[in-house]
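Residue numbers (the numbering used here), protein chains in the order written: chain A, 12 to 253; chain B, 298 to 563.
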């Protein structure tokens with residue numbers, strides 16, 4: 012397992028955000044963290060990314076606790092945040108180069124990875140353009156290219172398709188599913204859009220900070236006794252299971 | 298973190314800050330126009346009203362423009378520090394600060410890189426300003442321009458550290474206006490930037506003590522003495538002490554285990 016989460020709970024000053032959550036993310040596949048807004052997805056991501064301190068439970072990345080791992084271990088995790096996190100006034104290449112330097116990559120390796128990821132994401136001919144002139148879909152691709160420059164074993168995607176048109180969304184969903192298989196990356200993908208789930212994905216349904224269901228889409232659907240996955244998700248997250 | 302990694306990361310943060318600075322020309326001109334207005338307009342108006350006795354490091358009476366120039370230099374660095382703080386809050390809201398904070402580097406080192414890059418930008422602004430001041434007759438000994446550089450690095454880092462600390466406390470961009478009212482203006486006016494402290498003491502003892510405790514006063518004096526290639530151990534000590542305190546507070550402020558950053562996420 013590339014990521015193991017055991018009995019994780021987290022509370023903010025006034026409210027509990029995550030309650031006793033446990034699940035694993037295997038390599039070479041996509042684990043969908045499905046939940047409505049406010050379910051606790053971003054909190055969970057912030058805990059894995061070490062933006063928040065772990066209050067209770069254990070998080071292991073490739074068997075190593077995030078609490079004892081050195082800062083360098085963060086290389087194993089690529090993150091695409093829900094909020095765009097690229098510099099609009101810099102070019103695509105400058106943004107990736109900047110991140111490559113933060114990773115500590117020597118110039119030859121940095122340029123090679125940069126070129127590889129730009130080509131893979133179809134951005135090679137836009138490398139010199141300022142991010143500001145790119146559309147939402149291309150900006151997202153830049154963020155994914157940046158996350159992949161670390162050659163991570165775990166990729167965290169926090170609602171990466173929000174605000175994209177359906178065609179671009181479909182392209183990204185296809186690309187990321189192929190990526191997990193081809194590069195043997197474990198992907199943890201937070202979303203509230205059920206049409207992004209593929210039949211072979213592992214699904215964790217999060218509602219009000221707790222796991223409401225887990226399994227393949229087929230298993231969850233069968234258990235819910237609904238006629239389609241969207242209805243099952245709605246019933247699970249609203250508590251209306253009848 | 299290896300030395301090579303540390304240097305590459307520092308290079309990355311410095312380059313990014315410089316590229317942003319070069320591309321945001323309005324920021325550059327705003328940074329210059331502000332002190333130039335003080336120098337060309339305010340100083341011209343007040344030179345007749347204010348007279349000074351001879352105080353160190355001056356060896357004779359000096360025009361008011363000469364007196365306030367080190368204060369205006371420090372003002373450039375103060376505003377740059379606050380601008381950097383503003384961009385940290387903006388970056389955090391927009392997400393790019395998260396990229397930095399989740400990079401495989403110790404957090405204290407990330408903050409150090411931010412501090413140094415902000416200081417470098419402030420040095421560019423300061424030397425551009427000092428290249429213009431001879432137009433109103435404000436010149437310093439040639440050695441002073443070089444001797445002031447290390448002082449400017451320290452004071453630039455201090456202003457950056459104060460900005461960093463504030464950015465760890467400010468949750469939303471909208472709250473930044475409050476910083477202007479409650480930090481920048483009191484720091485600037487309660488200092489020796491515009492008037493020597495003995496003049497302040499003549500009018501009010503309490504204000505004089507507040508000015509003496511203000512780190513900005515000592516930053517101004519360190520720059521003033523540096524520009525005349527003179528040593529001021531007291532100012533240096535205060536600046537170093539303040540730098541250590543505010544850098545430490547910033548590291549605490551950005552440490553997720555201690556909690557200041559936790560309030561805005563999730």
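For every residue, glycine included, the Cβ atom is placed at its ideal position computed from N, Cα and C.
message: Since residue 215 (chain A) and residue 166 (chain A) should fall inside the 8 Å C-beta cutoff, what is the C-beta to C-beta distance between them, to a whole number of angstroms?
response: Along the first chain, read from residue 1 onward, the residue named residue 215 (chain A) stands at position 204. Along the first chain, read from residue 1 onward, the residue named residue 166 (chain A) stands at position 155. No, residue 215 (chain A) and residue 166 (chain A) are not in contact; Cβ-Cβ is about 16 Å, not under 8 Å.
query: Helix or strand or just coil, what does DSSP make of residue 489 (chain B)?
result: One-based indexing of the second chain puts residue 489 (chain B) at position 192. In this structure, residue 489 (chain B) counts as coil in the three-state DSSP scheme.
- prompt: What residues in the region 47-66 of chain A have a beta carbon less than 7 Å from any beta carbon of chain B?
  reply: Within the region 47-66 of chain A, the residues whose Cβ lies closer than 7 Å to some Cβ of chain B are 53, 54, 57, 60, 61, 62, 63 and 64, listed in chain order.
Three-way DSSP call (helix, strand, coil) for residue 127 (chain A) in this model: Indexing the first chain from 1 puts residue 127 (chain A) at position 116. Looking at residue 127 (chain A) - three-state DSSP - the assignment turns out to be helix.
query: For residue 482 (chain B), does the count of other Cβ atoms within 10 angstroms reach 16, so buried, or fall short, so exposed?
result: On the second chain, position 185 is the one that residue 482 (chain B) refers to. Residue 482 (chain B) is exposed by the Cβ-count criterion.
- request: Measure from the alpha carbon of residue 172 (chain A) to the alpha carbon of each residue in A:139, A:80, A:95 and A:117, then state which is nearest.
  value: Here residue 172 (chain A) refers to the residue found at position 161 when the first chain is read from its first residue. For residue 172 (chain A), the closest alpha carbon among the candidates A:139, A:80, A:95 and A:117 is that of A:95.
query: Would DSSP call residue 14 (chain A) helix, strand or coil?
result: Taking the first residue of the first chain as position 1, residue 14 (chain A) is located at position 3. Reduced to three states, the DSSP call for residue 14 (chain A) is strand.
Residue interval of the beta strand (DSSP E) (run including residue 520 (chain B)): Numbered from its first residue, the second chain carries residue 520 (chain B) at position 223. Here residue 520 (chain B) belongs to no beta strand (DSSP E); instead the alpha helix (DSSP H) covers 512-524.
Counted within 10 angstroms of its Cβ, other Cβ atoms place residue 539 (chain B) as buried (16 or more) or exposed: What you label residue 539 (chain B) is simply residue 242 of the second chain in a count that begins at 1. Residue environment analysis places residue 539 (chain B) among the buried positions, since at least 16 neighbouring C-beta atoms fall within 10 angstroms of its C-beta.
query: Does DSSP put residue 93 (chain A) in a helix, in a strand, or in coil?
result: Taking the first residue of the first chain as position 1, residue 93 (chain A) is located at position 82. Residue 93 (chain A): coil per DSSP, three-state reduction.
field: Residue ranges of each alpha helix (DSSP H) within the region 335-416 of chain B, 4 or longer
entry: At a cut-off of 4 residues, the continuous stretches assigned as alpha helix (DSSP H) that sit fully inside the region 335-416 of chain B are 340-343, 361-391 and 393-398.
message: Can you find the residues in the same chain that come closer than 7 Å, C-beta to C-beta, to residue 57 (chain A), ignoring five residues on each side of it along the sequence?
response: For the purposes of this step, residue 57 (chain A) is taken as residue 46 along the first chain, with counting starting at 1. By the criterion of a C-beta distance shorter than 7 Å, residue 57 (chain A) is surrounded in its chain by 63, once the five residues flanking it on both sides are discounted.
- prompt: In three-state DSSP terms, what is residue 114 (chain A)?
  reply: Numbered from 1 along the first chain, position 103 holds the residue referred to as residue 114 (chain A). Looking at residue 114 (chain A) - three-state DSSP - the assignment turns out to be coil, as it is neither helix nor strand.
Counted within 10 angstroms of its Cβ, other Cβ atoms place residue 550 (chain B) as buried (16 or more) or exposed: Translated into the one-based positions of the second chain, residue 550 (chain B) becomes position 253. It counts as buried.
message: Just to confirm my understanding: we take residue 645 (chain B), look at its own chain, exclude 5 residues before and 5 after, and list those with CB closer than 8 Å. What are they?
response: Residue 645 (chain B) lies beyond the residue range present for chain B, which begins at 298 and ends at 563; the question has no answer from this structure.
query: When the Cα atoms are used, what is the spatial distance from residue 25 (chain A) to residue 217 (chain A)?
result: On the first chain, position 14 is the one that residue 25 (chain A) refers to. On the first chain, position 206 is the one that residue 217 (chain A) refers to. The alpha-carbon atoms of residue 25 (chain A) and residue 217 (chain A) are separated by roughly 20 Å.
- request: Classify residue 53 (chain A) as helix, strand or coil using the three-state DSSP reduction.
  value: Residue mapping note: residue 53 (chain A) aligns to position 42 of the first chain, counting from 1. It is helical.
query: For the region 115-132 of chain A against the region 157-166 of chain A, are there 3 or more C-beta pairs whose distance is under 8 Å?
result: Flag = yes, the region 115-132 of chain A and the region 157-166 of chain A touch.
query: Based on Cα-Cα distance, which residue from B:339, B:368 and B:418 lies nearest to residue 487 (chain B)?
result: Against the second chain, residue 487 (chain B) aligns to sequence position 190. Comparing Cα-Cα distances from residue 487 (chain B) to each of B:339, B:368 and B:418, the minimum goes to B:368.
message: For a contact defined as C-beta to C-beta under 8 Å, what are the partners of residue 399 (chain B) on chain A?
response: Numbered from its first residue, the second chain carries residue 399 (chain B) at position 102. The answer, in chain order, is 60, 61, 62, 85, 88 and 90.
- prompt: Taking just the CA atoms, how far does residue 109 (chain A) sit from residue 558 (chain B)?
  reply: Residue numbering aside, residue 558 (chain B) sits at position 261 when the second chain is read from its first letter. Residue numbering aside, residue 109 (chain A) sits at position 98 when the first chain is read from its first letter. Only weak support is given to the placement of residue 558 (chain B): the predicted model assigns it a pLDDT of 45, under 50, and the question is left unresolved by the model.
message: Counting only beta-carbon separations shorter than 9 Å, does residue 34 (chain A) have a partner in chain B?
response: For this step, residue 34 (chain A) is matched to residue 23 along the first chain. Output row for residue 34 (chain A): interface = no.
Coarse secondary structure for residue 331 (chain B), derived from DSSP in three states: Taking the second chain and counting its residues from 1, one reaches residue 331 (chain B) at position 34. Three-state result, residue 331 (chain B): helix.
message: Output needed in chain order: residues of the region 319-333 of chain B with a Cβ under 8 Å from some Cβ in chain A.
response: Residues of the region 319-333 of chain B with a C-beta less than 8 Å from any C-beta of chain A: 320 and 321, listed in chain order.
task: Using the DSSP secondary-structure output, state which residues sit across from residue 35 (chain A) in a beta bridge.
output: Numbered from its first residue, the first chain carries residue 35 (chain A) at position 24. Looking at the DSSP output, residue 35 (chain A) sits in a beta bridge with A:15.
Contact set between residue 101 (chain A) and chain B, taken where Cβ atoms lie within less than 9 Å: As a first step, residue 101 (chain A) is located in the first chain; it is residue number 90 there, counting from the start. Here the neighbours are 313, 316, 317 and 320.
query: Of all the CB atoms in chain B, is at least one closer than 9 Å to the CB of residue 233 (chain A)?
result: Numbered from 1 along the first chain, position 222 holds the residue referred to as residue 233 (chain A). Residue 233 (chain A) does not count as touching chain B.
message: Just to confirm before moving on: does the CB-CB distance between residue 411 (chain B) and residue 397 (chain B) stay below 9 Å?
response: Position 114 of the second chain holds residue 411 (chain B). Position 100 of the second chain holds residue 397 (chain B). Yes; because the gap between Cβ atoms is below 9 Å, this pair is in contact.
query: If you check the beta carbons only, do residue 69 (chain A) and residue 36 (chain A) fall under 9 Å apart?
result: Within the first chain, the letter at position 58 stands for residue 69 (chain A). Within the first chain, the letter at position 25 stands for residue 36 (chain A). No; because the gap between Cβ atoms is not below 9 Å, this pair is not in contact.
task: Grab me the residues of residue 31 (chain A)'s own chain with a C-beta within less than 6 Å of its C-beta, minus the 5 sequence neighbours each way, in chain order.
output: Numbered from 1 along the first chain, position 20 holds the residue referred to as residue 31 (chain A). Hits under 6 Å: 18 and 20.
query: residue 402 (chain B) CB to nearest chain A CB: under 9 Å?
result: Taking the first residue of the second chain as position 1, residue 402 (chain B) is located at position 105. So yes, residue 402 (chain B) belongs to the interface.
message: Give me the chain B residues within the contact set of residue 105 (chain A), using Cβ-Cβ distance strictly less than 9 Å, ordered along the chain.
response: What you label residue 105 (chain A) is simply residue 94 of the first chain in a count that begins at 1. Result: 312, 313 and 316.
task: Report the rounded CA-to-CA distance for residue 146 (chain A) versus residue 137 (chain A), giving the unit in angstroms.
output: Working through the first chain from its first residue, we reach residue 146 (chain A) at position 135. Working through the first chain from its first residue, we reach residue 137 (chain A) at position 126. Going from the Cα of residue 146 (chain A) to the Cα of residue 137 (chain A) covers about 11 Å.
query: If contact means a Cβ-Cβ distance below 9 Å, which residues of the region 114-125 of chain A contact chain B?
result: If the cut-off is 9 Å between Cβ atoms, the region 114-125 of chain A has 114, 115, 116, 117, 118 and 121 near chain B.
For residue 44 (chain A) and residue 201 (chain A), believed in contact at Cβ under 8 Å, the rounded distance: Against the first chain, residue 201 (chain A) aligns to sequence position 190. Against the first chain, residue 44 (chain A) aligns to sequence position 33. At roughly 4 Å, the Cβ-Cβ gap stays under 8 Å, so residue 201 (chain A) and residue 44 (chain A) are in contact.
task: Compute the beta-carbon to beta-carbon distance between residue 38 (chain A) and residue 225 (chain A), rounded to the nearest angstrom, for a pair I have assumed lies under 8 Å.
output: To locate residue 38 (chain A), count along the first chain from 1; it is residue 27. To locate residue 225 (chain A), count along the first chain from 1; it is residue 214. At roughly 18 Å, the Cβ-Cβ gap does not stay under 8 Å, so residue 38 (chain A) and residue 225 (chain A) are not in contact.
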